[in-house]
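Colleague: The structure's right below; bear with me while I get my questions together.
There are 2 protein chains.
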Amino acid sequence: MSDASENKRYLALSGGVGGAKLALGLTHVLSPEQLQIVVNTGDDFEHLGLTICPDLDTLLYTLSGLANPKTGWGRASETNTFMKSLEALGGDTWFFLGDGDLALHVERSQRLRAGQTLSEVTAMLAKKLGVTVPIFPMTDDIVRTVVDTPDGPLPFQHYFVRDQCAPTALGFQFTGAEDASPHPEFSAALQASNLDAIFICPSNPFVSVDPILALPGIREFLGTQHAPLIAVSPIIGGSALKGPAAKMMAEMGLDVSAVSVAQHYGTLLDGFVLDQTDAALEADVRALGPEVLVTNTVMTSLDDRIKLARDVIEFSEMLQKA
Amino acid sequence: MSDASENKRYLALSGGVGGAKLALGLTHVLSPEQLQIVVNTGDDFEHLGLTICPDLDTLLYTLSGLANPKTGWGRASETNTFMKSLEALGGDTWFFLGDGDLALHVERSQRLRAGQTLSEVTAMLAKKLGVTVPIFPMTDDIVRTVVDTPDGPLPFQHYFVRDQCAPTALGFQFTGAEDASPHPEFSAALQASNLDAIFICPSNPFVSVDPILALPGIREFLGTQHAPLIAVSPIIGGSALKGPAAKMMAEMGLDVSAVSVAQHYGTLLDGFVLDQTDAALEADVRALGPEVLVTNTVMTSLDDRIKLARDVIEFSEMLQKA
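Those protein sequence lines, which keep their order, are chains A and B. Counting from -13, one number per residue, gives the positions in the first sequence under the working numbering. Counting from -13, one number per residue, gives the positions in the second sequence under the working numbering.
This is the structure:
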């Protein structure tokens, strides 16, 4: 089994809740020296004078055991006195911030304002929360996902949280991406000779993974890296377990199917992981190029997360030998 | 009784907890058209990336009925999830910020950053909290009280909260005061012909009232205004009910006595209010110039606050006729 091979090195690309589930599984199978997690920051935004990084926070909370198991984001054992008070003051309350969660945003925002990088702040927060696996933002520069809608461009969190994904998504922009530098450890990992696999976690391809792929050089590095790139489909049985991925696909005229996800990543893929529900799609995906693993990708329990982590690692070993 | 005289106009100068008690009493006796409250901002500071205005907040909470009756500052029905979370992240926890209180600081800070004045923000907060009497900061400019200690200058909240007033106070500086503009309504009130009295609430003379008096023109306006200026002693029976006023007096070589307070305000005073405990000091204060009212100034109940408010208003009417 792969976890016995201490020299193996893996890189995981993740968005929020779905990605964090597989990332948690991977941390149970791999040592902190074997795994690096690169997190989307296109969802980040400035709100109430604070810099909020939803995907990074979901990773931090999930891996530290602080996450709210009901929502997948935010904290368990949370209070909402701040929001009630803010509402009474007429403040912006469309984005829920729990009292304990707020401490993270306040501490991060003041450190960023004092000149620290997002990586430095993230590393500090991870350390304080007892997260030992390296987690880093895809970039320390500011990249912001914008959703093109019939009424014009909408900042991502306005689309996602404030407007509850109601507007039609015509397309996406990743403002700042073309001038952003990928996190140095991200670039280094992609150019390393000892990388064993790259996993694209089951995150939204359009707004969680594409911002990462939009950074200068990343597609090229992925294309030339010898380690297999494996994506886990976030679309299962024609719908997304969470979030607007399926709705977006329909609105952009794509078949709402795991096949469309594989098509979306195209020639970058060496392997693709289909849920057992979608076993019938195996041939269609193979026809696009990648090898296919069919397994259970619905991660309800911690065991499911660990099982899928073991599956994708084993799949990557098979692809390496092929 | 004075509250029947609708044309009367009063101005109260206030620091935090002690001042807010008398201010609350005044709001029960006077209409919002009859009273203006000018609040010290020398205690304000920047903390965790937020602008915190302790005296303004104490006034807002006291007058809106939200104040914590045990402390006199902060909110009743408060939770502390933020602080516990911040502590776990290694943040600065020496200044307690309740979860509900935090909303006020976050909302204010983002509005200030967006270019609103402290007055505008204070007026908005007061309106939202249902406070109808006009409360304004002594200035919209930044004035910061600094305590001179044997180990050098200390920002006020570091002295007051972080170091629990332990350092010896050698003197005080009000950074920015000489270049600050008094709030326009404050200046206007002091130059108005229909002002009936100015009350200096029982606040710390050195760090709550002196910053107000240090603003350009204020001492001159007070000296030329025909309305009587009346100070209520915060020193009762040789000690302060709250805060470091008595300790400061001792450290600066002053007698710890209400007489020293009267001496401190000097020729500005037309009237001085002594607690009944200090009735024996009446002659000493009179010898300094002002008329003296001896009454109960210990405000335990709301009735005490209202009673003292009526007393000082009546005293001012007597001084006007004199």
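Built from N, CA and C at the ideal position, the CB exists for glycine as well.
Would V92 of chain A pass as an interface residue toward chain B - the criterion being a Cβ-Cβ separation below 8 Å?
Modeller: By one-based count along the first sequence, residue 92 of chain A stands at place 106. At least one chain B Cβ lies under 8 Å of V92 of chain A.
Colleague: Run through DSSP, which three-state label would E64 of chain A get?
Modeller: Counting from 1 along the first sequence, the entry for residue 64 of chain A is found at position 78. If DSSP states are grouped into helix, strand and coil, E64 of chain A belongs with coil.
Colleague: Going along the chain, which residues of the segment 77 to 111 of chain A sit with their C-beta nearer than 7 Å to a C-beta in chain B?
Modeller: The residues in question are G77, D85, G86, L88, A89, L90, V92, E93, S95, Q96, R99, L111.
Colleague: Does the beta-carbon of H212 of chain A have 16 or more other beta-carbons within 10 angstroms, so that it is buried, or is it exposed?
Modeller: Within the first sequence, the letter at position 226 stands for residue 212 of chain A. By the 10 Å Cβ count, H212 of chain A comes out exposed.
Colleague: Using DSSP with H/G/I as helix, E/B as strand and the rest coil, what is A155 of chain B?
Modeller: Your numbering for residue 155 of chain B matches position 169 in the second sequence. Three-state DSSP puts A155 of chain B in coil, outside helix and strand.
Colleague: Are the C-beta of E164 of chain B and some C-beta of chain A separated by less than 8 Å?
Modeller: As a first step, residue 164 of chain B is located in the second sequence; it is residue number 178 there, counting from the start. By this cut-off, E164 of chain B is not an interface position.
Colleague: Going by other Cβ atoms of all chains shown within 10 Å of its Cβ, with 16 needed for buried, is A(-10) of chain B buried or exposed?
Modeller: For the purposes of this step, residue -10 of chain B is taken as residue 4 along the second sequence, with counting starting at 1. Low confidence applies to A(-10) of chain B: its pLDDT is 44, below 50, so where it sits in the model is not reliable, and the reading given next is rough at best. With fewer than 16 Cβ atoms within 10 Å of its Cβ, A(-10) of chain B is classed as exposed.
Colleague: Rounded to whole angstroms, what is the Cα-Cα separation between L88 of chain A and V3 of chain A?
Modeller: Along the first sequence, one-based indexing puts residue 88 of chain A at 102. Along the first sequence, one-based indexing puts residue 3 of chain A at 17. Approximately 19 Å, taken between the alpha carbons.
Colleague: For L45 of chain B, collect the residues of the same chain with a Cβ closer than 7 Å to its Cβ; drop the 5 residues on either side in sequence, then sort them by chain order.
Modeller: Numbered from 1 along the second sequence, position 59 holds the residue referred to as residue 45 of chain B. S0, A6, A9, I23, V25, I121.
Colleague: If I follow the unbroken beta strand (DSSP E) through R130 of chain B, where does it start and stop?
Modeller: Residue numbering aside, residue 130 of chain B sits at position 144 when the second sequence is read from its first letter. Run containing R130 of chain B: 130 to 135, per the beta strand (DSSP E) assignment.
Colleague: Establish whether the CB of K56 of chain A and some CB of chain B are separated by less than 8 Å.
Modeller: The residue given as residue 56 of chain A occupies position 70 in the first sequence. False, the Cβ-Cβ gap to chain B never drops below 8 Å.
Colleague: Answer yes or no: does any C-beta atom of chain A fall closer than 8 Å to that of V286 of chain B?
Modeller: Sequence index remark: in the second sequence, residue 286 of chain B carries index 300 (1-based). The amino acid occupying residue 286 of chain B in the given sequence is Thr; Val does not appear at that position. Chain A, which has no Cβ nearer than 8 Å to the Cβ of T286 of chain B, makes this no.
Colleague: Suppose you measure from the CA of M(-13) of chain A to the CA of H33 of chain B; what does that come to, to the nearest Å?
Modeller: The sequence position of residue -13 of chain A within the first sequence is 1, counting from 1. The sequence position of residue 33 of chain B within the second sequence is 47, counting from 1. At M(-13) of chain A, the pLDDT of 44 sits below 50, so the modelled position is not reliable and the matter cannot be decided from this model.
Colleague: Starting from the Cα of V147 of chain B, find the closest Cα among B:L83, B:N180, B:A178 and give me that residue.
Modeller: Here residue 147 of chain B refers to the residue found at position 161 when the second sequence is read from its first residue. Checked all of B:L83, B:N180, B:A178; the closest Cα to V147 of chain B is B:L83.
Colleague: Return the chain-ordered ranges of every beta strand (DSSP E) run that is complete within the segment 235 to 283 of chain B and spans a minimum of 3 residues.
Modeller: Here the runs fully enclosed are 257 to 261, 277 to 281.
Colleague: Answer yes or no: do V259 of chain A and L274 of chain A have a C-beta to C-beta separation smaller than 8 Å?
Modeller: For the purposes of this step, residue 259 of chain A is taken as residue 273 along the first sequence, with counting starting at 1. For the purposes of this step, residue 274 of chain A is taken as residue 288 along the first sequence, with counting starting at 1. Contact flag unset, no.
Colleague: Throw me the rounded Cβ distance for the R130 of chain B and G28 of chain B pair, which I believe falls under 8 Å.
Modeller: One-based indexing of the second sequence puts residue 130 of chain B at position 144. One-based indexing of the second sequence puts residue 28 of chain B at position 42. Their Cβ separation, rounded to whole angstroms, is 6 Å, which keeps R130 of chain B and G28 of chain B in contact under 8 Å.
Colleague: Would you check if the distance between the CB atom of P191 of chain A and the CB atom of A231 of chain A is smaller than 8 Å?
Modeller: The residue you call residue 191 of chain A lines up with position 205 of the first sequence. The residue you call residue 231 of chain A lines up with position 245 of the first sequence. Result yes, Cβ atoms of P191 of chain A and A231 of chain A sit closer than 8 Å.
Colleague: Who are A217 of chain A's beta bridge partners in DSSP?
Modeller: Locating residue 217 of chain A in the first sequence gives position 231, counting from the first residue. In DSSP, A217 of chain A forms a bridge with A:I186, A:F258.
Colleague: Would you mind telling me which residues of chain A sit closer than 7 Å to A74 of chain B, beta carbon to beta carbon, in chain order?
Modeller: For the purposes of this step, residue 74 of chain B is taken as the residue at position 88 of the second sequence. Under the 7 Å cutoff, chain A gives K114.
Colleague: Nearest by alpha-carbon distance to C187 of chain A: which of A:N(-7), A:Y145, A:K233, A:D297 is it?
Modeller: Residue 187 of chain A sits at position 201 when you count from the first residue of the first sequence. For the residues A:N(-7), A:Y145, A:K233, A:D297, the minimum Cα distance to C187 of chain A belongs to A:D297.
Colleague: Give the range of the alpha helix (DSSP H) segment to which H91 of chain A is assigned.
Modeller: Along the first sequence, one-based indexing puts residue 91 of chain A at 105. Where H91 of chain A is concerned, the enclosing alpha helix (DSSP H) stretches over 85 to 99.
Colleague: Which residues of the segment 12 to 38 of chain A have a Cβ closer than 8 Å to any Cβ of chain B? Give them in chain order.
Modeller: Result list: L34, G35, L36.
Colleague: Measure the C-alpha to C-alpha separation of P139 of chain B and V133 of chain B and round it to an integer number of angstroms.
Modeller: Residue mapping note: residue 139 of chain B aligns to position 153 of the second sequence, counting from 1. Residue mapping note: residue 133 of chain B aligns to position 147 of the second sequence, counting from 1. One C-alpha to the other measures close to 5 Å.
Colleague: Mind listing the chain B neighbours of T118 of chain A? Cutoff is C-beta to C-beta under 8 Å, in chain order.
Modeller: Position 132 of the first sequence, counting from 1, holds the residue named residue 118 of chain A. Result: empty, since nearest Cβ-Cβ is about 16 Å, beyond 8 Å.
Colleague: So, using beta-carbon positions, are T371 of chain A and G86 of chain B closer together than 8 Å?
Modeller: Nothing can be reported for residue 371 of chain A: it is not among the residues displayed for chain A, which extend from -13 to 308.
Colleague: Applying a beta-carbon distance threshold of less than 8 Å, which residues of chain B neighbour T65 of chain A?
Modeller: Here the question's residue 65 of chain A lines up with position 79 in the first sequence. In chain order: T65, T67, D85.
Colleague: Does any residue of chain A bring its CB to less than 8 Å from the CB of M(-13) of chain B?
Modeller: If you number the second sequence from 1, residue -13 of chain B lands on position 1. With a pLDDT of only 44 at M(-13) of chain B, under 50, the local geometry of the prediction cannot be trusted, and the value read off the model is given with reservation. False, the Cβ-Cβ gap to chain A never drops below 8 Å.
Colleague: Run through chain A and tell me which residues come within less than 8 Å of K(-6) of chain B, C-beta to C-beta.
Modeller: Taking the first residue of the second sequence as 1, we reach residue -6 of chain B at position 8. Near K(-6) of chain B there are no residues of chain A at all, since even the closest Cβ is about 32 Å away, more than 8 Å.
Colleague: Can the beta-carbon of D137 of chain B be found less than 8 Å from the beta-carbon of P153 of chain B?
Modeller: The residue you call residue 137 of chain B lines up with position 151 of the second sequence. The residue you call residue 153 of chain B lines up with position 167 of the second sequence. Yes, Cβ-Cβ distance for D137 of chain B and P153 of chain B is below 8 Å.
Colleague: Going by DSSP, what residue range makes up the beta strand (DSSP E) through Y145 of chain A?
Modeller: Along the first sequence, one-based indexing puts residue 145 of chain A at 159. Taken as a continuous stretch (DSSP letters only), Y145 of chain A belongs to no beta strand (DSSP E), as it is neither H nor E.
Colleague: What distance in whole Å lies between the Cβ atoms of P276 of chain A and A248 of chain A, which are believed to be in contact at a cut-off of 8 Å?
Modeller: Taking the first residue of the first sequence as 1, we reach residue 248 of chain A at position 262. Taking the first residue of the first sequence as 1, we reach residue 276 of chain A at position 290. Right, their Cβ atoms sit about 6 Å apart.
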